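Enquirer: All you need for my numbering is the position in the sequence shown, starting with 1, plus 152. We treat Cβ as the ideally placed atom computed from N, Cα and C, and that holds for glycine. The structure presented is a predicted model; accordingly, all values stated were derived computationally and were not measured.
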Amino acid sequence: MDLNGHNILGSSFSSEGTDTFQAVNPSTGEILTPQYHQATAEEIDRALTLAVEAFHDNRDRSFQARAKLLEQMADAVESLGEELVERVVLETALGEGRVKSEQGRTVKQIRMFADLIREGSWVNARIDQGRPDRTPSPKPDIRRMLIPIGPVAVFGASNFPLAFSVAGGDTASALAAGCPVIVKAHPAHPGTSELVARAIMETVDASPFHEGTFSMVYGERPDISIQLVEHPSTCAVGFTGSRKAGRAIFDAASSRPEPIPVYAEMGSVNPVFLLPGALRERSDTISEGLTQSVNLGVGQFCTNPGLVFGIESEPLERFIQVTGEQVNQVPTGIMLHQGIRNAYKQGIDTFQQVGNVEIAAQSRSGADNTGTEAPSTLMVTDADTFLANPRLAEEVFGPSTLIIRCRSAGNMESVAGALEGNLTASIHGTDEDLAAHRALVRILEEKVGRLIFNGFPTGVEVCASMHHGGPYPATTDVKFTSVGTAAIYRFTRPICYQNFPQEGLPPELQDRNPKQIWRLVDNQYSKESL
């Protein structure tokens, strides 16, 4: 497929803007063709106008039709095959194996949403039947379900060019909910984004769905993102990226005359807690797992374990020594782009400026001809230094971790209580450790969205029970996930019908239950007709 660098507005290409940019190969520094046209305000407005038309036009499409569209979209992304893999590798320096795995995850989660909506119970239908003979006042007939919220703006992530990008979980869950999507492609991989977006565009064109069901725009400038968020037809936002960018989008959405929800994932340090029994029994195994987790994908995961806490002891010192030996052997890696590498270097430098923070190990760096290579880094400090310097609890996005020596179990609990919200926390321990440190578990339950026992946070299973979210600043809304089927609920809202006749109700709320979904009827779950 010949790339053209144009914005995709429904079924049309558009390149009205004269402001352009190009992708850069992070491995070589080569500037890649073509040039990509940054969207104008008029193009954003046309994309949203089409989306509003699609929202109304698509409301009568059945769940089965919507599921079929998603499955065809998954097939289209899958059929891009090696052409897509090659472009992702060119634009990101990610390995071919990683890219193929992510492509598989992307199509899997699209099909997962197709299965969810085809079954239909996700609408959370609730019925309280009326009782006109109730005294002293009749009970009305009340029926409630979820409906789509409206056009959704999705911001592609830099570190997952497929699974959290154009056809990623935000797009799939919004389309599954019945919401048109306008993707703002990440400027670090525009060619990847175009390949996927054109596959989706062709899928929509070949379907009965309105062309405005999907659009995609380009933009490097922050004002383009803000225009998309502030447009009066945008009803919700899905975002994965830095705290600075996420907060700017959230603030813009909150300052609108009609505020809208922003579901932003903005980073996490994912603390790891090493309990005494685990360190005595399998310190070296934990060390190996930590090193692999920290350096997976050159540390460019939102679930990278950036902090490790242990109680001062000989086993902890051995753990630091063994981990340092492993980190010294990790080769430098090429990061996604120069901006991420520069931020990583600045983060390490900031930590070093704090007294009593020691670099215990680091990859040996060679010549960095592209400005994108980063060494794996292991740093060590103590709990008092950590508590006195809040900057040490900030995310350093890349292949590094900071080990903190705690004086006691109580000291570890104090440190845990001082942490900000995170996506995950991991505890390594024995059953006896877990019982003895129940207070630590209770503290962490208030700090994270996913609590892991004897494992590491990298590797997020895409399934119905996964929660990929957490208290602020990990996300802007702790109640919702961006991974798994529950992600669909971000882009819905409840509607309640009171005393409506049967013919005026959606099928999901009619007495005969034609779709045979699970419903909460008079406080009892049932598939039966009424």
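1) Using CA coordinates, which residue listed in T522, I500 and L459 is at the minimum distance from F538?
2) State buried or exposed for F632, treating a residue as buried only when at least 16 other CB atoms are found within 10 Å of its CB.
3) Mind checking which residues open and close the beta strand (DSSP E) that includes K336?
4) Exposed or buried, which one is T610 when buried takes at least 16 other CB atoms within 10 Å?
5) Assuming Y496 is part of the alpha helix (DSSP H), what are its boundary residues?
6) What's the gap between the Cα of S517 and the Cα of L442?
7) Of the residues A324, A561 and L571, which one's Cα is nearest the Cα of D585?
8) Is DSSP giving A277 helix, strand or coil here?
9) Give the straight-line distance between the Cα atoms of P384 and S345, rounded to the nearest whole angstrom.
10) Are the stretch 323-338 and the stretch 295-308 in contact at 8 Å, needing three or more beta carbon pairs?
11) Taking G343 as the reference, which of E547, I160 and P300 has the closest Cα?
12) Going by DSSP, name the residue or residues bridged to F605.
13) In the structure shown, what three-state DSSP assignment does P423 receive?
14) Under the rule that 16 or more other beta-carbon atoms within 10 Å means buried, what is T185, buried or exposed?
15) Candidates D663, G656 and N651: which alpha carbon is nearest K291's?
16) Which residue's Cα is closest to the Cα of Q255: L268, L221, D280 and G321?
17) Grab the span of the alpha helix (DSSP H) containing G398 for me, first residue to last.
18) So, are the CB atoms of Q281 and L661 less than 8 Å apart?
19) Let me check understanding here. Comparing Cα to Cα, which of A639, S678 and T192 lies closest to Q379?
20) Please state whether DSSP places D436 in a helix, a strand or coil.
21) Of the choices A626, N494, N606 and Y677, whose alpha-carbon is the least far from that of S394?
22) Quick check: the stretch 546-560 against the stretch 445-456, are there 3 or more CB pairs under 8 Å?
23) Can you check the stretch 238-317 for any beta strand (DSSP E) of at least 3 residues that lies completely inside it and give the ranges in chain order?
24) DSSP three-state label for V460, please.
25) With DSSP as the reference, please indicate the residues paired to Q676 in a beta bridge.
26) Mind checking K667: buried by the 16 CB within 10 Å criterion, or exposed?
27) Do the stretch 526-537 and the stretch 481-492 touch if we need at least three Cβ pairs shorter than 8 Å?
28) Distance, Cα to Cα, P717 vs F207?
29) With DSSP run on the structure shown, which of helix, strand or coil describes S164?
30) Looking only at its chain, what residues have a beta carbon closer than 7 Å to the beta carbon of P423, apart from the 5 residues adjacent to it on each side?
31) In this structure, how does DSSP classify D534 when only helix, strand and coil are distinguished?
32) According to the neighbour-count rule (16 or more other Cβ atoms, all chains shown, within 10 Å of its Cβ), is M418 buried or exposed?
33) Give the secondary structure of G485 by DSSP, where H, G and I count as helix, E and B as strand, and everything else as coil.
34) By a C-beta neighbour count over all protein chains shown, 10 Å radius and 16 as the cutoff for buried, is N675 buried or exposed?
35) Would you kindly work out how many angstroms separate the C-alpha atoms of A616 and P409, rounded to a whole number?
36) What's the gap between the Cα of P653 and the Cα of A397?
Expert: With the structure as the only source:
1) Numbered from 1 along the sequence shown, position 386 holds the residue referred to as residue 538. The candidate whose alpha carbon is nearest that of F538 is L459.
2) Counted from its first residue, the sequence shown places residue 632 at position 480. The residue in question, F632, is buried, as its Cβ has 16 or more Cβ neighbours within 10 Å.
3) Sequence index remark: in the sequence shown, residue 336 carries index 184 (1-based). Segment V333 to K336, the beta strand (DSSP E) holding K336.
4) Counting from one through the sequence shown, the residue named residue 610 turns up at place 458. Answer is buried; the Cβ neighbour count reaches 16.
5) Indexing the sequence shown from 1 puts residue 496 at position 344. Its alpha helix (DSSP H) spans residues Q490 to Q504.
6) In the sequence shown, residue 517 corresponds to position 365, counting from 1. In the sequence shown, residue 442 corresponds to position 290, counting from 1. Going by the C-alpha atoms only, they are around 21 Å apart.
7) On the sequence shown, position 433 is the one that residue 585 refers to. Nearest option by C-alpha distance: A561.
8) Position 125 of the sequence shown, counted from the first residue, corresponds to residue 277. Residue state, collapsed to three classes: coil.
9) Within the sequence shown, the letter at position 232 stands for residue 384. Within the sequence shown, the letter at position 193 stands for residue 345. Their Cα atoms are separated by approximately 25 Å.
10) yes
11) Position 191 of the sequence shown, counted from the start, is the residue given in the question as residue 343. Per the Cα distances, I160.
12) Working through the sequence shown from its first residue, we reach residue 605 at position 453. Answer is I579, bridged to F605.
13) The sequence position of residue 423 within the sequence shown is 271, counting from 1. In this structure, P423 counts as coil in the three-state DSSP scheme.
14) Residue mapping note: residue 185 aligns to position 33 of the sequence shown, counting from 1. The residue in question, T185, is exposed, as its Cβ has fewer than 16 Cβ neighbours within 10 Å.
15) On the sequence shown, residue 291 is found 139 positions in, with the first residue counted as 1. Of the listed residues, the one whose Cα sits closest to K291 is N651.
16) The count along the sequence shown starts at 1 and reaches residue 255 at position 103. Looking at the Cα atoms, G321 is the closest of the given residues.
17) Your numbering for residue 398 matches position 246 in the sequence shown. Start and end: R395 to S406.
18) Translated into positions along the sequence shown, residue 281 becomes position 129. Translated into positions along the sequence shown, residue 661 becomes position 509. L661 is positioned such that its CB atom lies no closer than 8 Å to that of Q281.
19) Looking up residue 379 in the sequence shown gives position 227. It is T192 whose Cα lies nearest to the Cα of Q379.
20) As a working note, residue 436 is residue 284 in the sequence shown. It is helical.
21) For the purposes of this step, residue 394 is taken as the residue at position 242 of the sequence shown. It is A626.
22) yes
23) 278-280, 294-300 and 304-307
24) For the purposes of this step, residue 460 is taken as residue 308 along the sequence shown, with counting starting at 1. In this structure, V460 counts as strand in the three-state DSSP scheme.
25) Within the sequence shown, the letter at position 524 stands for residue 676. Partner(s): V673.
26) One-based indexing of the sequence shown puts residue 667 at position 515. So K667 counts as buried.
27) Yes, the stretch 526-537 is in contact with the stretch 481-492.
28) Since the first residue shown for the chain is 153 and the last is 682, residue 717 is missing from the structure and cannot be characterised.
29) Taking the first residue of the sequence shown as position 1, residue 164 is located at position 12. S164 falls in the strand class under three-state DSSP.
30) Taking the sequence shown and counting its residues from 1, one reaches residue 423 at position 271. Within the same chain, L459, F461, L571, N574 and A577 come within 7 Å of P423 by CB-CB distance, once the 5 residues on both sides are set aside.
31) For the purposes of this step, residue 534 is identified with residue 382 of the sequence shown, where counting begins at 1. Here D534 carries a strand assignment [DSSP, helix/strand/coil].
32) Residue mapping note: residue 418 aligns to position 266 of the sequence shown, counting from 1. Buried.
33) By one-based count along the sequence shown, residue 485 stands at place 333. Reduced to three states, the DSSP call for G485 is strand.
34) Numbered from 1 along the sequence shown, position 523 holds the residue referred to as residue 675. When all chains shown are included, N675 counts as exposed.
35) On the sequence shown, residue 616 is found 464 positions in, with the first residue counted as 1. On the sequence shown, residue 409 is found 257 positions in, with the first residue counted as 1. Approximately 35 Å, taken between the alpha carbons.
36) Translated into the one-based positions of the sequence shown, residue 653 becomes position 501. Translated into the one-based positions of the sequence shown, residue 397 becomes position 245. Each residue's Cα considered, the two are about 48 Å apart.
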